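Undergrad:
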Amino acid sequence: MLLMAHAGSITMLIIKGDKRMERFRDKRTQLSSFAKKMAVPQVLTASMQEHLEMEHKSDQAPDEQVLSIYPSCLRRAVMRHIYGNALRMCYLF
């Protein structure tokens, strides 16, 4: 039991240090409070939570920012790997 409490404390310290995760938790708490206060239906609340999670997952450093230090041939290869399948499956015309 003591080991689990210690592991939980360490985990909380690590998570608390991540400001991005902290902002996400704050937004999620605000959403929950708002939904309860305004009696927002559960279906709408779930949709809002899904959108918040999607925003959090996509809120990372932009591709250009990360790849800017690499030569263009490497950037193109990485971008082709990341987005190639999605682009090939798109119907353009």
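Numbering (the working numbering), first residue to last: 7 to 99.
All C-beta atoms in this analysis are idealised placements derived from N, C-alpha and C, irrespective of residue type, glycine included.
Here the structure is a predicted model, which is why all the values come from computation and not from measurement.
1. Do R81 and L93 have their CB atoms nearer than 7 Å?
2. Taking I75 as part of the alpha helix (DSSP H), name the residues at either end of that continuous run.
3. CB-CB under 7 Å to P77, same chain, minus the five flanking residues each way: which ones, in chain order?
4. Measure the Cβ-Cβ separation of K25 and L58 and say whether it is below 7 Å.
5. For the alpha helix (DSSP H) holding D24, just list the boundary residues, first then last.
6. Tell me which residues share the same chain as F30 and place their Cβ nearer than 7 Å to its Cβ, disregarding the 5 neighbours each side in the sequence.
7. Using beta-carbon positions only, say whether L37 and M60 come within less than 7 Å of one another.
TA: Taking the coordinates as given:
1. no
2. No alpha helix (DSSP H) holds I75; DSSP gives it neither H nor E.
3. none
4. no
5. Where D24 is concerned, there is no enclosing alpha helix (DSSP H), given that its DSSP letter is neither H nor E.
6. H62
7. no
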